[in-house]
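**Q**
In the numbering used here, the protein residues as written are 11 to 64.
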């Protein structure tokens with residue numbers, strides 16, 4: 011789905027050219043609207059990627 015595309019973009023595109031690097035802390039998502047429980051098949055989520063300056 012789209013969330014996997016976002017995660018892939020964050021790690022493969024944005025992160026290498028951002029001046030940051032991922033930490034060893036886990037990334038996580040918070041879903042405010044779950045597309046499995048709603049008939050419109052949409053979701054609202056926030057994705058957190060722990061980073062630090064290189």
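Think of the CB as a built atom: it goes at the ideal place given N, C-alpha and C, for glycine as much as any other residue.
My understanding is that residue 34 touches residue 61, with C-beta atoms under 8 Å, so please give their C-beta distance in whole angstroms.
**A** With 8 Å as the limit, residue 34 and residue 61 do not qualify as a contact, their Cβ atoms being about 11 Å apart.
**Q** Cβ of residue 41 within 8 Å of Cβ of residue 55?
**A** Contact: yes.
**Q** Helix, strand or coil: how does DSSP classify residue 63 here?
**A** Correct three-state label for residue 63: strand.
**Q** Apart from the five residues on each side of it in sequence, which residues of its chain come closer than 8 Å, Cβ to Cβ, to residue 44?
**A** If we look at residue 44 and ignore the five residues flanking it on each side, its Cβ neighbours are 53.
**Q** With C-beta atoms as the reference, is residue 17 less than 8 Å away from residue 58?
**A** Contact: no.
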